[in-house]
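Since the structure comes first, as structure tokens, the remarks are kept for the end.
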Amino acid sequence: MLMPKRVKYRKQQRGRIKGNATRGNTLTYGEYGLQALEPGWITSTQIEAARVAMTRFIKRGGKVWIKIFPDKPVTKKPA
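When you line the sequence shown up against our numbering, it's residues 21 to 99, in that order.
And the structure:
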């Protein structure tokens, strides 16, 4: 799983998501890419699940580059 080695504070304020990204949405590696249709937070488990699904589909024929890093802690509301 991806996670930062060291963070200054354990929990981060939630903040807001406004609109679609304007930077970092062009391809730097390869010929194909995945782009989100709506804004949202993504966890390291979701990134790993997507990576496993893609590598299973392309088998040995290609490479997968992941350019996002889950550095924002996402917590759930208490039950």
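Backbone N, C-alpha and C define an ideal beta-carbon position, used for all residues, glycine too.
Output the distance between the C-alpha atoms of Glu51 and Thr95, rounded to the nearest integer angstrom.
35 Å
Out of Ile88, Ile37, Lys97, which has the shortest C-alpha to C-alpha gap to Leu47?
Ile88
Measuring alpha carbon to alpha carbon, tell me which of Lys92, Arg80, Lys97, Pro98 ends up nearest Lys31.
Lys92
Output the residue ranges of the alpha helix (DSSP H) runs that lie fully inside the region 47-84 and measure 4 residues or longer, sorted by chain position.
64-78
Would you please state the rounded distance, in angstroms, between the beta carbons of Ile67 and Ile86? I believe it to be under 8 Å.
6 Å
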